[in-house]
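Sequential numbering from 1 applies to the sequence shown in the UniProt record's numbering. Glycine included, every Cβ here is placed at the ideal spot set by N, Cα and C. Step one of this worksheet: look at the structure below.
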Amino acid sequence: MKLPSLRTRFHLLSQQRRRPSGFTLVELVLVLTILAVLMGAAIYQLNKSGFFEQAVDQTIKSDLDNTISIALESYRNAAGRFPTTEQGLEALVEKPTKDPIPDRWYSYLKEVPKDPWKQPYKYRYPATKSKDGYDVYSVGKDGQDGTEDDVGNWKPTEAK
1 MKLPSLRTRF HLLSQQRRRP SGFTLVELVL VLTILAVLMG AAIYQLNKSG FFEQAVDQTI
61 KSDLDNTISI ALESYRNAAG RFPTTEQGLE ALVEKPTKDP IPDRWYSYLK EVPKDPWKQP
121 YKYRYPATKS KDGYDVYSVG KDGQDGTEDD VGNWKPTEAK
């Protein structure tokens, strides 16, 4: 068996080195552009389908039903009544300084939760809309109290 000469081996190796490997800059830019277009279309479809609104509604429902309502019920069990409107939800974080000051008080929340638009939830006692004895609500996306987009413990959230 005859082995290739040194010159032949060197020639083969040099040809292998000259073959380009990997992707060119144009190919990379093209792939990234296609991915960006696909991501944009996916986000558009999610927004169009109401996915983000449903997520916001679920966040509000969770805050109202789980976090705030449980803390208010715990406050009532310890203090014998719900906080007043003036004391607000802050009474769940710090001991109230306005009358009626509860004899037994505990910190029920680390901080007052904010709605998905970073606005503090509103609180009213006694309730004017809810059957729970108190009203807790988000002023909604527009940030205005008393408008159609307000969501509270008196009105179930609806998928849009």
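Heavy atom of the ligand GDP within 6 Å of residue i beta-carbon
| i | result |
| --- | --- |
| F51 | In the structure on display, the ligand GDP does not appear, and there are no ligands present to speak of. |
DSSP bridge partner residues for residue i (one or two, in chain order)
| i | result |
| --- | --- |
| Y123 | V136 |
| V93 | The partner list for V93 (beta bridge, DSSP) is empty, contrary to what the question assumes. |
| G152 | Y137 |
Residue of the options minimising C-alpha distance to residue i
| i | options | result |
| --- | --- | --- |
| V139 | G133, N77, E148 | E148 |
| A71 | Y134, G40, Q58 | Y134 |
| K131 | L92, S69, P113, D150 | S69 |
| E111 | P102, A91, G80, T97 | A91 |
Secondary structure of residue i, DSSP reduced to three states
| i | result |
| --- | --- |
| G40 | helix |
| K48 | helix |
| K118 | coil |
| residue 169 | No statement about residue 169 is possible, as the shown extent of the chain runs from 1 to 160 and does not include it. |
| Y53 | It should be pointed out that residue 53 corresponds to Glu in this sequence rather than to Tyr. Correct three-state label for E53: helix. |
| E111 | coil |
| Y75 | helix |
| S5 | coil |
For residue j and residue i, believed in contact at Cβ under 8 Å, the rounded distance
| i | j | result |
| --- | --- | --- |
| Y44 | T84 | The Cβ separation is near 47 Å, so there is no contact. |
| D63 | P113 | 5 Å |
| D115 | I60 | 6 Å |
Query - Three CB pairs or more closer than 8 Å across the region 93-107 and the region 120-127 - result: no
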